[in-house]
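Q: First residue of the sequence shown? That's 1221 in this note's numbering, and the numbers climb one at a time after it. Positions of the beta carbon are idealized from the N, C-alpha and C atoms, including for glycine.
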Amino acid sequence: MSVAWEMWQRGDFLVPHLNGRPYPHKPPLLFWLIYLGWGVLGVNEWWPRLVPSIFGLASVFLTAKLAKMLWPDKKNVALMSSFVLMGFFVWAAFCTVVMFDLILSFFALVTIIGGVYIIREERVRGILLMGVGIGLGILSKGPVIFVHALPVLLLYPWWERKGGQIGIRSTAKYFCLAIMLGVGISLLWVVPAAIRGGEGYRSAILWGQTVHRVASSFAHKRPWWWYLPWLPLLTCPWILFLPSWRGFFHNTTGGTNTGFRFCISWILPSLIVFSLVSGKQIYYLLPMLPPVALLIAWSLSTQSSCERHAVLAFAFFMGLIGTVFVLSPIYLKGPRFHGMQTSGHAWGIILLGVAAALLVLRGRSVFKRVVAVFLATIILLCVGETITVRAIGPAYDLKEVASIIKTYEDQGRPIAHSGKYHGQFHFLARLKRPFKIINDSQIDSWLKDHPQGRVIAYYRHLPESAPARLLYSQPYRGRILVILGAQNQDKRMALHYVTAESSHACNTSTQLSYQTH
1221 MSVAWEMWQR GDFLVPHLNG RPYPHKPPLL FWLIYLGWGV LGVNEWWPRL VPSIFGLASV
1281 FLTAKLAKML WPDKKNVALM SSFVLMGFFV WAAFCTVVMF DLILSFFALV TIIGGVYIIR
1341 EERVRGILLM GVGIGLGILS KGPVIFVHAL PVLLLYPWWE RKGGQIGIRS TAKYFCLAIM
1401 LGVGISLLWV VPAAIRGGEG YRSAILWGQT VHRVASSFAH KRPWWWYLPW LPLLTCPWIL
1461 FLPSWRGFFH NTTGGTNTGF RFCISWILPS LIVFSLVSGK QIYYLLPMLP PVALLIAWSL
1521 STQSSCERHA VLAFAFFMGL IGTVFVLSPI YLKGPRFHGM QTSGHAWGII LLGVAAALLV
1581 LRGRSVFKRV VAVFLATIIL LCVGETITVR AIGPAYDLKE VASIIKTYED QGRPIAHSGK
1641 YHGQFHFLAR LKRPFKIIND SQIDSWLKDH PQGRVIAYYR HLPESAPARL LYSQPYRGRI
1701 LVILGAQNQD KRMALHYVTA ESSHACNTST QLSYQTH
């Protein structure tokens, strides 16, 4: 959000900045959307978090639209695909995180729907949708939109077998027109931004986002199979819902089914490409969840009913987590587990109740069971996020230190940051001046040259020289975040000291504070 904050401060829509320097790592669409919301609603923290949720929900409707196009004779596939997609643990979890991937998922769906329109002879609508999807997809996360959208469209002769469609040559021509439109839309930003940003920024956005990133992606920092163990988590909870995959074995028409082939053409090529590149993160696969939801919804639609035991595995899973929470005050000791000790049993009882409700739900309707699993998933996610925030929230909470840093800026003190800066303070503290970036070896010399200055640094263990300069410390992501100044005997302020042991506790622990004179 700090990039959007600096855009707000500067009024510069062309070149995003972080800490006063051009930020070439991501295109500007998300920052534009945050800026637009702030222009209407004022600067706040909740609007940036709402943006991904809006695109996540819009993607649900587009997935249902795609289901109607692929299975026009199966109306229930569209409805069930909506609940399946919203019910994925990772999809629902990332709807509240300020990231680019749900926006990318939305525009990948727009692109693919446009391509299907072209294939089915609705050329003008298809070219416009596909072009806009590609253009805004590039502006949301770069050329990776092509990895998600193009393979399934290029494989259309395999999955689209209906007669009366336009030929392959004509389809390729219209695809090229749509791609040219999309690239043209992105160039409306790229060209003026490259001119405004200078040589370094121009090289980064033109080559760093494409050639250099692809060329360095085959170094295999993570092995090609890294995603495979994560696939069960990605498909939770539906992998635990028996009817989700039973339809694949009982239905013999999958191989000749247009929708089935379409989803396979989307999932497999994208998964192969992302498995080959070295940079791997779970959220990179979020745009592949809509076709997985379509496959699961199709499988569910082939079954007329399901018994109570269909939810047994998922109910057992929830019951197991609930039992762990109920017993947590017994085996979790220490300050870092304070939240679990005081309320873990209550949250566990809620999950046990939900698990029991799943098992006693009457009726044999597949749709009713799908909705029940979806609601149970949302409850489980809310409980999990609440407990997580209580357990590790203090190790990520920067509000207090941000307030202190803001005070320093208001006093006109120079501020330096040791190590790479990710923008974690500028929006939170509403800072207006960039930090000076230094490394640990430069701290002493910088403070000597700036006796009124402050340095933000991070240590696993405080060095022996730190206490003489220490003005503030707190646990932060397994390290100790500190603010250092010149000899603190010359300062009149409170010292908050957190021991190295408590810095790993991820919770509030004993702090010493005294007034220096």
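CA-CA distance, Ala1287 and Trp1267?
A: Position 67 of the sequence shown holds residue 1287. Position 47 of the sequence shown holds residue 1267. If you take the alpha carbons of Ala1287 and Trp1267, they lie about 30 angstroms apart.
Q: So, Lys1656 versus Pro1634, is the Cβ gap smaller than 8 angstroms?
A: For the purposes of this step, residue 1656 is identified with residue 436 of the sequence shown, where counting begins at 1. For the purposes of this step, residue 1634 is identified with residue 414 of the sequence shown, where counting begins at 1. Their beta carbons are under 8 angstroms apart, which means Lys1656 touches Pro1634 by this criterion.
Q: Could you give the distance in angstroms between the alpha-carbon of His1529 and the alpha-carbon of Phe1309?
A: For the purposes of this step, residue 1529 is identified with residue 309 of the sequence shown, where counting begins at 1. For the purposes of this step, residue 1309 is identified with residue 89 of the sequence shown, where counting begins at 1. Their backbone Cα atoms lie some 22 angstroms apart in a straight line.
Q: Taking Ile1323 as the reference, which of Ile1487, Ala1278 and Ser1301 has the closest Cα?
A: Reading the sequence shown from its first residue, position 103 is the one you call residue 1323. Residue Ala1278 is the option with its Cα nearest to Ile1323.
Q: Taking 8 angstroms as the threshold (C-beta atoms), are Ser1519 and Trp1465 in contact?
A: In the sequence shown, the residue the question calls residue 1465 occupies position 245. In the sequence shown, the residue the question calls residue 1519 occupies position 299. Cβ atoms of Trp1465 and Ser1519: closer than 8 angstroms.
Q: Where does Ala1439 land, buried or exposed, given buried means 16+ other C-beta within 10 angstroms?
A: As a first step, residue 1439 is located in the sequence shown; it is residue number 219 there, counting from the start. Any reading at Ala1439 needs caution, since the residue's pLDDT is 45, under 50, leaving its predicted position unreliable; the model's value is listed next. By the neighbour-count rule (16 or more Cβ atoms within 10 Å), Ala1439 is not buried but exposed.
Q: State the CB to CB distance for the pair Arg1674 and Ile1703, rounded to an integer number of angstroms; the pair is presumed to be in contact (CB under 8 angstroms).
A: Counted from its first residue, the sequence shown places residue 1674 at position 454. Counted from its first residue, the sequence shown places residue 1703 at position 483. Going by Cβ atoms, the distance from Arg1674 to Ile1703 rounds to 6 angstroms, so yes, they are a contact pair.
Q: Quick check on Thr1391: buried or exposed, where buried means 16 or more other Cβ atoms within 10 Å of its Cβ?
A: To locate residue 1391, count along the sequence shown from 1; it is residue 171. Counting Cβ neighbours within 10 Å, Thr1391 comes out buried, since at least 16 surround it.
Q: Please confirm whether any heavy atom of the ligand ZN lies closer than 7 angstroms to the CB of Gly1698.
A: In the structure on display, the ligand ZN does not appear, and there are no ligands present to speak of.
Q: Please list, in chain order, all residues of the same chain as Ala1622 whose beta carbon is under 6 angstroms from its beta carbon, the five residues on each side excluded.
A: The sequence position of residue 1622 within the sequence shown is 402, counting from 1. Excluding residues within five positions, the ones whose Cβ falls inside 6 angstroms are Phe1645, Leu1648 and Ala1649.
Q: Exposed or buried, which one is Cys1602 when buried takes at least 16 other CB atoms within 10 Å?
A: Your numbering for residue 1602 matches position 382 in the sequence shown. With fewer than 16 other Cβ atoms within 10 Å, it is exposed.
Q: In the structure shown, what three-state DSSP assignment does His1637 receive?
A: Position 417 of the sequence shown, counted from the start, is the residue given in the question as residue 1637. His1637 falls in the strand class under three-state DSSP.
Q: Short of 7 angstroms in beta carbon distance, which residues of its chain neighbour Pro1244, apart from the five on each side in sequence? Order them along the chain.
A: By 1-based counting over the sequence shown, the position of residue 1244 is 24. Closer than 7 angstroms at the Cβ level, and outside the excluded window around Pro1244, lie Tyr1421, Ala1424, Ile1425 and Gly1428.
Q: Contact defined as beta carbons within less than 8 angstroms: I believe Val1593 pairs with Val1531. What is the distance between those atoms, to the nearest angstrom?
A: Translated into positions along the sequence shown, residue 1593 becomes position 373. Translated into positions along the sequence shown, residue 1531 becomes position 311. Sure, about 6 angstroms apart at Cβ, within 8 angstroms.
Q: With a threshold of 7 angstroms on Cβ separation, who are the neighbours of Ser1490 within its own chain once the five nearest residues in sequence on each side are excluded?
A: Along the sequence shown, one-based indexing puts residue 1490 at 270. Taken in chain order, the residues that qualify are Val1367, His1368, Pro1371 and Met1508.
Q: Using only CA atoms, which one of Leu1282, Ala1284 and Leu1253 lies nearest to Leu1270?
A: The count along the sequence shown starts at 1 and reaches residue 1270 at position 50. The candidate whose alpha carbon is nearest that of Leu1270 is Leu1253.
Q: So Tyr1616 and Arg1697 are in contact, right, with Cβ under 8 angstroms, and what is the actual spacing, rounded?
A: As a position in the sequence shown, residue 1616 is number 396, starting the count at 1. As a position in the sequence shown, residue 1697 is number 477, starting the count at 1. That belief holds up - the Cβ atoms of Tyr1616 and Arg1697 are roughly 7 angstroms apart, short of 8 angstroms.
Q: What does the alpha-carbon distance come out to for the pair Ile1487 and Ile1274?
A: Within the sequence shown, the letter at position 267 stands for residue 1487. Within the sequence shown, the letter at position 54 stands for residue 1274. Going from the Cα of Ile1487 to the Cα of Ile1274 covers about 24 angstroms.
Q: Quick check: the segment 1297 to 1316 against the segment 1445 to 1462, are there 3 or more CB pairs under 8 angstroms?
A: Touching, yes, given that three or more Cβ pairs across the two stretches are closer than 8 angstroms.
Q: Find out if the Cβ-Cβ distance for the pair Ile1358, Ser1325 is shorter than 8 angstroms.
A: The residue given as residue 1358 occupies position 138 in the sequence shown. The residue given as residue 1325 occupies position 105 in the sequence shown. No, the Cβ-Cβ distance between Ile1358 and Ser1325 is not below 8 angstroms.
Q: Using 10 angstroms around the beta-carbon of Ile1365, count the other beta-carbons present and answer buried if the total reaches 16, otherwise exposed.
A: Taking the sequence shown and counting its residues from 1, one reaches residue 1365 at position 145. Flag for Ile1365 reads buried.
Q: For Ser1693, which three-state DSSP category applies?
A: Within the sequence shown, numbered from 1, the residue matching residue 1693 stands at position 473. In the structure shown, Ser1693 sits in a strand (DSSP, three-state: E or B).
Q: Can you tell me which of the three DSSP states Leu1234 falls into?
A: In the sequence shown, counting from the first residue as 1, residue 1234 sits at position 14. Leu1234 falls in the coil class under three-state DSSP.
Q: Just curious, the beta strand (DSSP E) that Val1702 is in, first and last residue?
A: Within the sequence shown, residue 1702 is the residue found at index 482, counting from 1. First-last of the beta strand (DSSP E) with Val1702: Arg1699 to Leu1704.
Q: For the putative contact between Ser1301 and Thr1283, defined by C-beta atoms under 8 angstroms, what is the C-beta separation to the nearest angstrom?
A: Position 81 of the sequence shown, counting from 1, holds the residue named residue 1301. Position 63 of the sequence shown, counting from 1, holds the residue named residue 1283. About 5 angstroms separates the two Cβ atoms, so the contact holds.
Q: Quick check: Trp1291 and Gly1467, are their CB atoms within less than 8 angstroms of each other?
A: Counting from one through the sequence shown, the residue named residue 1291 turns up at place 71. Counting from one through the sequence shown, the residue named residue 1467 turns up at place 247. No; because the gap between Cβ atoms is not below 8 angstroms, this pair is not in contact.
Q: Beta carbon of Ala1313, beta carbon of Ile1598: below 8 angstroms?
A: The count along the sequence shown starts at 1 and reaches residue 1313 at position 93. The count along the sequence shown starts at 1 and reaches residue 1598 at position 378. No; because the gap between Cβ atoms is not below 8 angstroms, this pair is not in contact.
Q: From this set, Cys1483, Asn1296, Lys1626 and Ile1502, which residue's C-alpha is nearest Arg1442's C-alpha?
A: Locating residue 1442 in the sequence shown gives position 222, where the first residue counts as 1. Closest option to Arg1442, Cα to Cα, is Ile1502.
Q: Return the first residue and the last residue of the alpha helix (DSSP H) that Ala1649 is part of.
A: To locate residue 1649, count along the sequence shown from 1; it is residue 429. Start and end: His1646 to Ala1649.
Q: For Thr1627, count neighbouring C-beta atoms within 10 Å of its own C-beta (all shown protein chains included) and say buried if the count is 16 or more, exposed if not.
A: Walking along the sequence shown from the start, residue 1627 turns up at place 407. That one is exposed.
Q: Let's see if you can read the secondary structure: which residues bound the beta strand (DSSP E) around Ile1676?
A: Position 456 of the sequence shown, counted from the first residue, corresponds to residue 1676. Per DSSP, Ile1676 belongs to the beta strand (DSSP E) from Arg1674 to Tyr1679.
Q: I need the DSSP call for Pro1244, collapsed to helix, strand or coil.
A: The residue you call residue 1244 lines up with position 24 of the sequence shown. If DSSP states are grouped into helix, strand and coil, Pro1244 belongs with coil.
Q: Quick one: what's got a C-beta closer than 6 angstroms to Pro1242's C-beta in the same chain, skipping five residues either side?
A: Taking the sequence shown and counting its residues from 1, one reaches residue 1242 at position 22. Excluding positions up to five away in sequence, the list reads Val1235, Gly1417 and Tyr1421.
Q: Short of 6 angstroms in beta carbon distance, which residues of its chain neighbour Cys1483, apart from the five on each side in sequence? Order them along the chain.
A: For the purposes of this step, residue 1483 is taken as residue 263 along the sequence shown, with counting starting at 1. Counting only Cβ-Cβ distances below 6 angstroms, and skipping sequence neighbours, we find Pro1511, Leu1514 and Leu1515.
Q: For Gly1335 versus Leu1401, is the C-beta spacing smaller than 8 angstroms?
A: To locate residue 1335, count along the sequence shown from 1; it is residue 115. To locate residue 1401, count along the sequence shown from 1; it is residue 181. Cβ atoms of Gly1335 and Leu1401: not closer than 8 angstroms.
Q: Specify the secondary structure class of Lys1500 as computed by DSSP and reduced to three states.
A: By one-based count along the sequence shown, residue 1500 stands at place 280. Coil.
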